[in-house]
Amino acid sequence: MQGKKILLTGGTGQVARPVAEALAADNEVWCLGRFGDLSARKALEERGAHTFTWDMAAGDLTDLPDDFTHVLHSAVHRGDGKDFDETARVNAAGTAQLMTHCATAEAFLYVSSGVVYNRADRTHRYRESDPLGGAAPWLPTYPIAKLSAEGVVRGLSEALGLPSVIARLNIAYGVHGHGGVPMILFNQMRAGRPCAVPREGQNYCNLLHVDDLVRQVPLLWGAAQAPARVLNWGGDEEVGMTDLLTYMSELTGVPVRLDPGDLSRETAIFDHDARRALIGDCAVGWRAGIARTMAELFEEYRDRIDAYVTEHGIGTSVGQPVGERG
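Right, here's the structure in full:
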């Protein structure tokens with residue numbers, strides 16, 4: 030992708046930051062965020078991105094250019110778990126402000142979440158047409174944050190004729206930000222804290238490595254249409270969260286304590302037929318991706334991880350032999 034003027038929100042986050050850094054070399058990239066992390070802002074600017082302070086709750090886009098060709102909206106106000114009304118207002122109003130400001134864009138990508146599904150069955154492969162109304166015991170306001178914004182994207186895409194795609198993200202991970210849910214869980218393990226799991230069975234998900242995420246964003250823009258298109262967005266492989274915890278323990282030697290109960294971080298398995306038909310398959314296998322991410326983020330375990338990867342023949346990506354980390 031070259032010669033485009035690109036706007037990304039949530040500029041220091043798990044999704045927008047690696048995309049910004051990858052595209053800034055050949056495009057004019059602008060990142061919006063609150064930028065509480067000044068080092069992340071500096072790093073983006075050093076890579077050639079422009080930064081602009083914006084808080085969805087009360088931000089003003091008056092001084093921001095409005096001639097962007099492509100927009101990625103990943104910023105979210107998750108809420109405090111209690112104030113559903115304010116959570117809905119902030120996400121709906123912020124998304125509406127952004128879409129009307131960028132009404133002439135070629136494509137608008139909203140990063141939603143699998144949390145919007147009514148997840149009643151851990152083994153069901155959720156399709157884009159499945160019932161919505163998800164619950165998140167670990168943060169009850171989060172589903173309404175995503176559903177409110179999805180509604181705005183649907184409405185304004187059609188009203189403005191703005192080609193849009195709503196990508197319901199599964200679990201993304203990589204070296205940016207907090208590393209994603211897998212690295213959050215590993216930090217719990219390192220601290221000796223138990224990891225919440227269901228009372229019976231395990232939660233399943235589709236882990237998406239940052240390399241695949243970055244590569245697929247321009248492809249998702251290419252799939253945008255008005256009215257908005259909805260797509261599931263995750264890795265091709267189905268991963269049990271308890272299996273993930275066990276694997277991270279094997280890689281590093283850090284013991285894992287499981288805490289069966291009702292407050293585990295519920296996840297979902299996606300049906301990816303629609304996404305794969307439009308933009309193709311993922312390239313990074315979850316075992317290789319997790320090993321590479323952990324080796325980069327936790328240097329003290331690097332030698333052990335490298336030895337494990339070599340011993341077990343884990344490739345750096347799907348279908349590839351073991352090689353040097355990228």
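Quick note, in our numbering, the sequence shown goes up one by one and the last residue is 355.
The beta carbon of each residue, even a glycine, is placed where N, CA and C say it ideally should be.
Please report how far the alpha carbon of residue i lies from the alpha carbon of residue j, in whole angstroms.
i	j	result
Leu242	Ala303	16 Å
Arg361	Phe299	The question about residue 361 has no answer, for the chain in this structure spans 30 to 355.
Val226	Thr296	11 Å
Gly264	Thr133	31 Å
Lys34	Gly77	13 Å
Gly314	Ala320	10 Å
Asp335	Ala324	8 Å
Asp387	Gly163	Nothing about residue 387 can be read from this structure; the chain reaches only from 30 to 355.
Ala87	Leu326	34 Å
Val44	Gln231	26 Å
Tyr330	Gly208	16 Å
His99	Ala136	5 Å
Arg258	Gly290	36 Å
His4	His102	This structure does not reach residue 4, given that the chain is present from 30 up to 355, and the question cannot be answered.
Pro192	Ser278	44 Å
With distance defined between alpha-carbon atoms, name the residue in the options nearest to residue i.
i	options	result
Glu340	Glu328, Leu198, Ala121, Leu280	Leu280
Asp96	Met128, Thr124, Ile213	Met128
Asp66	Gly39, Ala149, Gln217	Gly39
Tyr155	Ser142, Leu138, Arg258	Ser142
Val283	Asp114, Leu93, Val105, Leu273	Leu273
Asp310	Gln245, Thr124, Ser293	Gln245
Pro160	Thr41, Asn120, Asn147	Asn147
Gly108	Ala54, Val58, Ala174	Ala174
Glu267	Gly344, Pro172, His301, Leu185	His301
What is the C-beta distance between residue i and residue j, in whole angstroms, given that I count them as a contact (C-beta under 8 Å)?
i	j	result
Leu198	Trp262	5 Å
Pro166	Leu292	5 Å
Val194	Leu260	6 Å
Any heavy atom of the ligand ADP closer than 6 Å to the beta-carbon of residue i?
i	result
Arg333	Of ligands this structure carries none, so the ligand ADP is not represented either.
Can you tell me which residues form a DSSP beta bridge with residue i?
i	result
Thr80	Cys60
Lys34	Glu57
Gln254	Ser193
Asn421	No information on residue 421 is available, as it lies outside the stretch 30 to 355 that the chain covers here.
Leu249	Bridge partners of Leu249: none, in fact.
Tyr155	Phe299
Ala122	Note: Ala122 sits in no beta bridge, so no partner.
Pro289	Val226
Phe137	Val100, Ser193
Cys234	Val268
Gly209	Tyr202
So is residue i buried or exposed if we call it buried at 16+ other beta carbons inside 10 Å?
i	result
Ile213	exposed
Pro223	exposed
His205	buried
Arg228	exposed
Ala54	exposed
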